[in-house]
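J.: Residue numbers (our numbering): 871 to 1099.
Note that beta-carbon positions come from the ideal geometry of N, C-alpha and C, so glycine has one too.
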Amino acid sequence: MVPYQRGRRSFVKLSMSKRVSRTAGPSPFDLHVSHQCKTPADGNGRNEEAHLAAEIEDPNRRDVLVLAANAFAAVGAASLIWPFVQQMNPDAGAKALASTEIDLTPVKEGQAITVMWRGKPVFIRNRTKDEVAAAAKTPVTELPDPEVDAKRVKAGKENWLVMVGICTHLGCVPKGQTMADSKGDFGGWFCPCHGSHYDTSGRIRKGPAPRNLEVPPYEFVSDTKIKIG
Ligand code: FES
């Protein structure tokens, strides 16, 4: 608004001087209108003055320029801010890996699969009735990391065991997922790195591993599908 007001004052001053010097000449209003004439200045310099008045007075043109400059500045600032905002948002890939859904239909009794979740292997075993019974009847007093089997599975779905497949000793991936694998002294998983044995509930029974295999957060989203994470 400041350039506009200054222009207005300049115009009034110029118009007044014109009125004094030209007693029979055009009014200031005439000068303002005549700036639209495209012809060269006449002998009295009339058009030249008129163009100068128009140059000084024309507030709309200046406002448009100021507004346009502000608009460009705003767009420029927004385009700088946007990448930072984008960087703060979770990456789409990270979102997708935060949870994963697994269809359990193909995994028959006695079989196991390994899926990846947040970059870690997750063991899913469809335990046999004997494996479930062996895990359930083990006295917790015999366990280095006491935990009942019922706490490691979902009620009504005791045959499904879901665990992070990383040994709690130094992080090896234990054996026991395939039929040909050694399953250790307790029929579950065996970590050959330093000889840790896990039972059919994934609990540590023998060897240097200090804790049971971790059960990740998961839920059944249907009768045959789980969501991990
Ligand atoms: S990492 Fe498994 S026993 Fe050492």
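Quick check: the Cα distance between Leu1040 and Lys1027, rounded to an integer number of angstroms?
T.: Looking at the two C-alpha atoms, the distance is approximately 30 angstroms.
J.: Among Ala1050, Cys1063, Ile1098, Ala1025, whose alpha-carbon lies nearest the alpha-carbon of Glu1084?
T.: Taking only the C-alpha atoms, the option nearest Glu1084 is Ile1098.
J.: Ala1079: buried (16+ other C-beta within 10 angstroms of its C-beta) or exposed?
T.: Counting Cβ neighbours within 10 Å, Ala1079 comes out buried, since at least 16 surround it.
J.: To the nearest angstrom, how far is the alpha carbon of Ala1025 from that of Val1010?
T.: Looking at the two C-alpha atoms, the distance is approximately 19 angstroms.
J.: Pull up the distance between the alpha-carbon of Phe1090 and that of His1064, whole angstroms please.
T.: Cα to Cα, the separation comes out at about 34 angstroms.
J.: In chain order, what residues of the same chain lie with their CB nearer than 7 angstroms to the CB of Val1034, ignoring the 5 residues before and after it?
T.: Taken in chain order, the residues that qualify are Lys990, Val992, Leu1083, Glu1084, Pro1086.
J.: Output needed for Gly1054: all residues of its chain with C-beta closer than 6 angstroms, excluding positions within five of it in sequence on either side, in chain order.
T.: Cβ within range, chain order: Phe1060, His1067.
J.: Have a look at Asp1093 and Asp973 and give me their C-alpha separation to the nearest angstrom.
T.: Near 10 angstroms, if we compare the C-alpha coordinates of Asp973 and Asp1093.
J.: Within 10 angstroms of the Cβ of Asp1000, are there 16 or more other Cβ atoms? Answer buried if so, exposed if not.
T.: Burial call: exposed.
J.: Over what stretch of residues does the beta strand (DSSP E) that includes Asp1069 continue unbroken?
T.: Element bounds for Asp1069: 1066-1069.
J.: Report the rounded CA-to-CA distance for Ser1071 versus Leu1031, giving the unit in angstroms.
T.: One C-alpha to the other measures close to 7 angstroms.
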